[in-house]
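Just so we're on the same page, this note's numbering is the position in the sequence shown counted from 1, plus 95. Glycine included, C-beta positions come from ideal geometry on N, C-alpha and C. Below you'll find the structure, written out as structure tokens, and then a few comments.
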Amino acid sequence: GLSVNSGIRPFRGKEGLWSQVVWSNATREAFREDPLSFYNDFWLPHFPPHTYTNTNHQYYKPNAAHEAISKIATLPNANIHVITQNIDGLHSATIHPWDYENKLIEAHGRLGLYKCIPESDS
Numbered sequence: 096g097l098s099v100n101s102g103i104r105p106f107r108g109k110e111g112l113w114s115q116v117v118w119s120n121a122t123r124e125a126f127r128e129d130p131l132s133f134y135n136d137f138w139l140p141h142f143p144p145h146t147y148t149n150t151n152h153q154y155y156k157p158n159a160a161h162e163a164i165s166k167i168a169t170l171p172n173a174n175i176h177v178i179t180q181n182i183d184g185l186h187s188a189t190i191h192p193w194d195y196e197n198k199l200i201e202a203h204g205r206l207g208l209y210k211c212i213p214e215s216d217s
């Protein structure tokens, strides 16, 4: 993953989260069945809230790859959108300013940015 050089362990691969976590714990169905267990047994141990916030990345910082992508996205006449599966928010925390609110698509969402599941979907 792009954020490994920022100190975040990858989701895939030998040392990745998904190779060490039972997939059945990380599903919407598991959340619906027992939200408290989902958070206490899966979410909080792997995504401690003190390590992520929306605006202050004091634990993890964007690395050179994040910065390079933000610079490419601001090239003159560039019609570029960045699509990421990363949920760490580091693309939006780069030193180089860019229009991430309109040009960044976080396919799996972002830690610290939550949305309620509609009642019809629970």
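{"Asked": "Outcome for residue 196 when other beta-carbon atoms lying within 10 angstroms are tallied against a minimum of 16", "Found": "exposed"}
{"Asked": "Meets three-Cβ-pair contact criterion under 8 Å: the segment 131 to 145 and the segment 164 to 181", "Found": "no"}
{"Asked": "Cβ contact (3+ pairs, closer than 8 Å) linking the segment 176 to 189 and the segment 152 to 166", "Found": "yes"}
{"Asked": "Straight-line Cα distance separating residue 205 from residue 97", "Found": "15 Å"}
{"Asked": "Cβ-Cβ separation, residue 157 to residue 185 (assumed contact under 8 Å), whole Å", "Found": "4 Å"}
{"Asked": "Boundaries (first-last residue) of the beta strand (DSSP E) holding residue 112", "Found": "No beta strand (DSSP E) holds residue 112; the alpha helix (DSSP H) holding it covers 112 to 115."}
{"Asked": "Beta-bridge partners of residue 177, as assigned by DSSP", "Found": "199"}
{"Asked": "Candidates 116, 127 and 108: closest to residue 215 by CA position", "Found": "127"}
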